[in-house]
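Here is the structure we will look at, set down as C-alpha cells.
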Ligand code: TRP
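Numbering (the numbering used here), first residue to last: 3 to 471.
See below:
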C-alpha cells in the first residue's frame, strides 16, 4: 500500500475491489439512519436556514428550498449512498472501484478527492459557529439571559464575536471533540450520541416553537416563513436555496458516500433517504417557527445575518420560566447536533487516507489540526480581520468560505455525482442497490441524469453571471 501523501493518478493502486474500511458496518439500520440524520441535522438547520431565509426574503426562498430538497437533494442523496454501498470504500475509492467496474474514466475519483477537501473547508467555519453555541452554555447557565431584551441580546453576541481568544477556545474544544470521535471510528461514539441526543434536541425545538407561539408575533413569523413573495426572489437567492439544499442534506461532497460505505446490504436506500430528508426538513422549519415570531415581536431584523439565531433564542430563554436551564441545555444539544455533523465532514478525507495505509487516529489528528488552523481565519473575520475584504464587496473571509462551499463547490460536486450514477453506472447495477419499482427507478434516473444536473448548472451559471455583471 502506498504511503505517499502526494496523490497522482498514476500512482494509484490497480483497480482491485478492496473494501478496506467497509469491514466496519453500522450496527443496525436504525444506527445508520440516526448517524445520517445526525450528519444532516446540524447548524445548517438551526443556524443557517433561518438566517438565509431572513436575508433572502422569506417564504419564496423557503418554497424554492423545499423544491430543491425534494427534486435535487433527495435524488442526489440516494445517489451518494448508492455509490458508497456499491463501491464499498472511501468516496474516492468507491468512485474508483465503480468507474473501473463499469469501464468509465478513472478521473471520476477526482470528484471524491475534491469533495473531501471541500469538507475540510466547511468544517473549518462550521467549528467556529459551533463554538458560538458552546459559548452560550455558561452565559445561559449563569442566568445572564434572564429578562433580556433584543438589543441586550445583540450586545452579548457581539461581545462573543469581538473576543478572538474566547472564540478560539471554543473552536478548539469543538474540533478536538470531533477529532476524538473520528479517531475511534464509526459506531462507538457516534451511534450512541445520536440515538439519545437528537430526539432530545427535537423535543426542545418543539418547546421553543410553543414558546414562540405563546409569546411571539407568531402569525407574522409564520407569514414571513410561508407566504411567498416571488418579487423579492433574485437568481442569487435561488442559488442559495439550491446550495442550502445540498448543505442541509450533507450532499455534494461525498460524506454520504462515506457513510453509505458502512451501510449493510438489505437496508432500503430510498426509504432511508426519504426519512433523512423528512426529518431534516422538519427540524429546519421548526427552527424557523421558533425564531421568526421572536424576531418580529422584539423588533429584530430578520435579515440580521449569521447572528440571527444567537440573538433571538436567548431572548426566548430569558423570558421563560426555567430559561437558564433550558437555554444551557439547548446550546449543549445544538453543540452535539453540530458534532454529529462535523464527524461526517472529517470522515471522507480520513477514510481516504486510512485506505492508503495511514493510521486512523493520526489522520484524524493531522487533518483536524489543519481544519482548526483554517478556522482561525473565520474567527478573525469577526474581529482583528473584520476589515479584510477578498473582493470589492462587503463579504468577509468567513462569508466567502461559507459562500464558496455552499453556493459553488457543493452544487458542482452534486452535479458530478448525479452525472456519475446517471451516465457511468448501468441501470441494472443501480436497480440492484435501489429497491424502487422499475418506473420509479427510471424516474429517479431521469432526475439524476438530466434534470438535477441541468437545473443546478443553470442556476449556478445565471447566478454567477448576475454576480459578475
Ligand atoms: N448538513 C449539515 C448541517 O446542516 C452540514 C453539512 C454540510 C454536512 N455538508 C456536510 C455535514 C457534509 C456532514 C457532511 O448542519
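Virtual Cβ for every residue (Gly too), placed ideally from N, Cα, C.
Reduced DSSP category for residue i - H, G, I as helix; E, B as strand; rest coil
i	result
residue 361	coil
residue 304	coil
residue 205	helix
residue 391	coil
residue 160	helix
residue 230	coil
residue 267	coil
residue 89	helix
residue 425	helix
residue 255	coil
residue 386	coil
residue 43	coil
residue 437	coil
residue 147	coil
residue 28	coil
residue 325	helix
residue 370	helix
residue 95	helix
residue 245	helix
residue 218	coil
Host alpha helix (DSSP H) of residue i (start-end)
i	result
residue 397	No alpha helix (DSSP H) holds residue 397; DSSP gives it neither H nor E.
residue 106	Neither: residue 106 is in no alpha helix (DSSP H) and is coded neither H nor E.
residue 236	No alpha helix (DSSP H) contains residue 236, which DSSP labels as neither H nor E.
residue 444	440–448
residue 418	412–421
residue 57	51–57
residue 313	310–321
residue 63	61–70
residue 128	111–143
residue 186	166–186
residue 73	Counting along the chain, residue 73 falls outside any alpha helix (DSSP H), and DSSP gives it neither H nor E.
residue 464	454–470
Buried or exposed (CB count within 10 angstroms, at least 16 for buried), residue i
i	result
residue 92	buried
residue 354	buried
residue 229	exposed
residue 98	buried
residue 429	exposed
residue 23	Because residue 23 carries a pLDDT of 44, less than 50, the predicted location of this residue cannot be relied on, and the following value inherits that uncertainty. When all chains shown are included, residue 23 counts as buried.
residue 465	buried
residue 467	exposed
residue 122	buried
residue 301	exposed
residue 107	exposed
residue 198	exposed
residue 462	buried
residue 30	exposed
residue 447	buried
residue 193	buried
residue 389	exposed
residue 315	buried
residue 19	Because the pLDDT at residue 19 is just 37, under 50, the model does not fix this residue reliably, and the value given afterwards should be weighed accordingly. So residue 19 counts as exposed.
residue 371	exposed
residue 63	buried
residue 357	buried
residue 392	exposed
residue 32	exposed
residue 221	exposed
CB-CB length for residue i against residue j, believed under 8 Å
i	j	result
residue 131	residue 247	19 Å between Cβ atoms; not a contact.
residue 87	residue 263	7 Å
residue 292	residue 214	5 Å
residue 84	residue 453	Actually they are not in contact, since the Cβ atoms of residue 84 and residue 453 sit about 17 Å apart, beyond 8 Å.
residue 1	residue 59	The structure shown does not extend to residue 1, since the chain is modelled only from 3 to 471, so the question has no answer here.
residue 162	residue 137	5 Å
residue 317	residue 223	Actually they are not in contact, since the Cβ atoms of residue 317 and residue 223 sit about 13 Å apart, beyond 8 Å.
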